[in-house]
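Enquirer: Just so it is clear: in the sequence shown, position 68 is 94 by the numbering used here, and no numbers are missing. Next up is a structure, given as structure tokens.
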Amino acid sequence: MKDTERELAAGQLQNESVTRTYRAIISRRVLAIAVLAAAIILLAAVAVTLGSADLTVSEVYIAIFSRFFPGSLSTDPLTSTIVWDFRLHRVIFAVLAGFGLAVAGAMMQGVLRNPLASPFTLGIASAATFGAAIAIVFLPPLFDGDLVLVACAFSASLLATAAIYGLSRYRGMSAESMVLAGIILMYLFGAITSFLQYTGSTEQLQAVVFWMFGSLQQTSWLKCGIVGIVLGISVPYVILKAWDFNALTMGDQVARSLGVRVERTRTIHMFIASLITASIICFTGTIGFIGLVSPHITRLALGGDHRYLLVASGLIGALILLLADSLARTILAPTIIPVGIMTAFIGIPFFLYLFLRRKEEYW
Numbered sequence: 027m028k029d030t031e032r033e034l035a036a037g038q039l040q041n042e043s044v045t046r047t048y049r050a051i052i053s054r055r056v057l058a059i060a061v062l063a064a065a066i067i068l069l070a071a072v073a074v075t076l077g078s079a080d081l082t083v084s085e086v087y088i089a090i091f092s093r094f095f096p097g098s099l100s101t102d103p104l105t106s107t108i109v110w111d112f113r114l115h116r117v118i119f120a121v122l123a124g125f126g127l128a129v130a131g132a133m134m135q136g137v138l139r140n141p142l143a144s145p146f147t148l149g150i151a152s153a154a155t156f157g158a159a160i161a162i163v164f165l166p167p168l169f170d171g172d173l174v175l176v177a178c179a180f181s182a183s184l185l186a187t188a189a190i191y192g193l194s195r196y197r198g199m200s201a202e203s204m205v206l207a208g209i210i211l212m213y214l215f216g217a218i219t220s221f222l223q224y225t226g227s228t229e230q231l232q233a234v235v236f237w238m239f240g241s242l243q244q245t246s247w248l249k250c251g252i253v254g255i256v257l258g259i260s261v262p263y264v265i266l267k268a269w270d271f272n273a274l275t276m277g278d279q280v281a282r283s284l285g286v287r288v289e290r291t292r293t294i295h296m297f298i299a300s301l302i303t304a305s306i307i308c309f310t311g312t313i314g315f316i317g318l319v320s321p322h323i324t325r326l327a328l329g330g331d332h333r334y335l336l337v338a339s340g341l342i343g344a345l346i347l348l349l350a351d352s353l354a355r356t357i358l359a360p361t362i363i364p365v366g367i368m369t370a371f372i373g374i375p376f377f378l379y380l381f382l383r384r385k386e387e388y389w
């Protein structure tokens with residue numbers, strides 16, 4: 027009888043220890059997300075101060091609050107114009123774009139169980155570049171502003187998604203078939219784009235190459251609104267399905283045994299990730315490494331639970347892109363480096379560090 031009581035007491039202590047450990051892990055993850063969000067808010071305010079006209083962080087906050095609460099705080103009209111008409115929408119778009127690309131990358135890596143999966147390694151970015159090249163080379167009379175360019179890049183990205191779905195369905199909708207289909211399309215669209223560059227004029231070649239660099243110079247409040255709406259609709263749904271991602275990381279058979287409709291889940295979330303990516307890069311051009319590196323950094327720091335991985339990856343992606351854009355605007359000022367180049371310079375050391383430091387499997 028006493029032995030039974032001792033076993034029950036030991037089991038209860040063990041359960042309490044496991045519960046405390048679990049709560050500590052959850053608290054650490056929530057704290058990390060809160061710290062990332064605070065860092066983005068602080069860096070965003072600093073990023074708005076960067077430019078030819080010197081502003082302070084307090085002037086930026088005053089200009090923002092005075093727009094929402096007129097008469098509560100006095101601000102210089104010139105400062106308000108600089109903040110609202112020239113800088114703030116660029117900073118907000120950088121946050122939204124970095125968040126969306128990182129979430130899309132985390133989704134693709136989760137549903138495909140492939141650490142190299144991202145919107146750019148699966149042909150989505152190559153398709154967008156192809157669409158932009160079509161608009162630049164064959165539709166120059168209509169190339170007034172960027173409406174036609176945006177429409178072509180967006181349509182080509184969704185076309186690539188449909189092609190991946192079609193090819194994968196022929197092979198059985200497995201993760202491997204989707205990855206292979208994406209790689210095939212990446213090289214196909216890359217080859218066609220190179221051919222268009224080779225046959226186009228010098229001006230068309232320069233336009234295509236500049237678009238491939240990636241840039242946030244053409245942002246606007248309308249574009250922020252469009253991307254914000256796409257993220258506002260898709261990201262909450264994806265977070266609600268986080269348990270499906272956790273099940274898929276254990277393998278298709280385990281996921282099926284837990285009630286996950288594997289093929290349907292994989293198809294829906296690949297389409298959502300492609301939609302998020304297309305809605306961003308059709309405005310910015312190619313911005314690489316965000317969707318590939320951010321989920322790896324998050325998984326290394328916080329683990330692979332997608333309930334927290336998706337949000338934290340998005341915040342890290344927003345932080346990286348905002349930092350890259352801030353550096354791109356200041357390193358060679360007044361010359362602005364395309365942000366796609368800067369994200370590569372930032373992403374490669376991160377990825378190399380992860381590759382050299384992490385020797386055991388963490389997937």
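Virtual Cβ for every residue (Gly too), placed ideally from N, Cα, C. Because the structure is a prediction, the values reported are computed rather than measured.
(1) Shortest alpha-carbon distance to residue 79 belongs to which of 274, 90 and 104?
(2) Between residue 376 and the rest of its own chain, which residues show a CB-CB distance below 7 Å, the 5 nearest in sequence each way excluded?
(3) Would you tell me roughly how many angstroms separate the C-alpha atoms of residue 275 and residue 227, rounded to the nearest one?
(4) Entirely within the region 46 to 130 and at least 3 residues each: give me those beta strand (DSSP E) ranges in chain order.
(5) Compute the distance between the beta-carbons of residue 303 and residue 116, then report whether it is under 7 Å.
(6) What does the Cβ neighbour count give for residue 312, buried or exposed, with the cut at 16 atoms within 10 Å?
(7) Using a threshold of 7 Å, state whether the C-beta atoms of residue 156 and residue 225 are closer than that.
(8) Straight-line CA distance for residue 96 to residue 109?
(9) Using a 10 Å radius around the Cβ and a threshold of 16 neighbouring Cβ atoms, would you call residue 102 buried or exposed?
(10) Cα-Cα, which of 145, 173 and 126 is closest to residue 21?
(11) Helix, strand or coil, according to DSSP, for residue 286 in the structure here?
(12) Let me confirm a value: residue 55 is counted as buried when at least 16 other C-beta atoms fall within 10 Å, else exposed. Which label applies?
(13) Check whether the region 289 to 298 and the region 132 to 146 are in contact - that is, three or more C-beta pairs closer than 8 Å.
(14) Report the rounded CA-to-CA distance for residue 369 versus residue 314, giving the unit in angstroms.
(15) Should residue 143 be labelled buried (16 or more other beta-carbon atoms within 10 Å of its own) or exposed?
(16) With distances taken Cα to Cα, identify the nearest neighbour of residue 75 among 64, 88 and 63.
(17) Looking at the structure shown, is residue 276 part of a helix, part of a strand, or coil, going by DSSP?
(18) When you compare the region 265 to 282 with the region 349 to 358, are there three or more beta-carbon pairs, one atom per stretch, that lie closer than 8 Å?
(19) Looking at the structure shown, is residue 325 part of a helix, part of a strand, or coil, going by DSSP?
(20) Specify whether the region 175 to 186 and the region 328 to 340 touch according to this definition: at least 3 beta carbon pairs, one from each stretch, less than 8 Å apart.
(21) Restricting to runs no shorter than 3 residues, where is the beta strand (DSSP E) found entirely within the region 311 to 383?
(22) Rounded to a whole number of angstroms, what is the C-alpha to C-alpha distance between residue 341 and residue 59?
(23) Return yes when the Cβ of residue 222 is within less than 7 Å of the Cβ of residue 159, no when it is not.
Expert: Per the coordinate set shown:
(1) The residue given as residue 79 occupies position 53 in the sequence shown. Proximity to residue 79 across 274, 90 and 104 peaks at 104, based on C-alpha coordinates.
(2) Working through the sequence shown from its first residue, we reach residue 376 at position 350. Here the set comprises 319 and 323.
(3) In the sequence shown, residue 275 corresponds to position 249, counting from 1. In the sequence shown, residue 227 corresponds to position 201, counting from 1. If you draw a straight line from the Cα of residue 275 to the Cα of residue 227, it is about 47 Å long.
(4) None, since the region 46 to 130 contains no complete beta strand (DSSP E) of that length.
(5) Within the sequence shown, residue 303 is the residue found at index 277, counting from 1. Within the sequence shown, residue 116 is the residue found at index 90, counting from 1. Using a Cβ distance threshold of 7 Å, residue 303 and residue 116 do not count as a contacting pair.
(6) Stepping through the sequence shown from its first residue, residue 312 is reached at position 286. By the 10 Å Cβ count, residue 312 comes out buried.
(7) Counted from its first residue, the sequence shown places residue 156 at position 130. Counted from its first residue, the sequence shown places residue 225 at position 199. Their beta carbons are not under 7 Å apart, which means residue 156 does not touch residue 225 by this criterion.
(8) As a working note, residue 96 is residue 70 in the sequence shown. As a working note, residue 109 is residue 83 in the sequence shown. Going from the Cα of residue 96 to the Cα of residue 109 covers about 16 Å.
(9) Locating residue 102 in the sequence shown gives position 76, counting from the first residue. Classified as exposed, residue 102 has fewer than 16 neighbouring CB atoms from the shown chains inside 10 Å of its CB.
(10) The structure shown does not extend to residue 21, since the chain is modelled only from 27 through 389, so no value can be given for it.
(11) On the sequence shown, residue 286 is found 260 positions in, with the first residue counted as 1. Correct three-state label for residue 286: coil.
(12) As a first step, residue 55 must be located in the sequence shown, where it is residue number 29. So residue 55 counts as buried.
(13) Touching, per the Cβ criterion.
(14) Taking the sequence shown and counting its residues from 1, one reaches residue 369 at position 343. Taking the sequence shown and counting its residues from 1, one reaches residue 314 at position 288. Straight-line Cα distance between these residues: approximately 7 Å.
(15) Here the question's residue 143 lines up with position 117 in the sequence shown. Burial call: buried.
(16) Along the sequence shown, read from residue 1 onward, the residue named residue 75 stands at position 49. For the residues 64, 88 and 63, the minimum Cα distance to residue 75 belongs to 88.
(17) On the sequence shown, residue 276 is found 250 positions in, with the first residue counted as 1. In the three-state DSSP reduction, residue 276 falls in the coil class, being neither helix nor strand.
(18) Contact fails between the region 265 to 282 and the region 349 to 358, because fewer than three Cβ pairs, one in each stretch, are under 8 Å apart.
(19) Looking up residue 325 in the sequence shown gives position 299. Secondary structure of residue 325 (DSSP, three-state): helix.
(20) The region 175 to 186 vs the region 328 to 340: no contact.
(21) List check, beta strand (DSSP E) in window: nothing returned.
(22) The residue labelled residue 341 in the question sits at position 315 within the sequence shown. The residue labelled residue 59 in the question sits at position 33 within the sequence shown. Cα to Cα, residue 341 sits roughly 8 Å from residue 59.
(23) The count along the sequence shown starts at 1 and reaches residue 159 at position 133. The count along the sequence shown starts at 1 and reaches residue 222 at position 196. Contact: yes.
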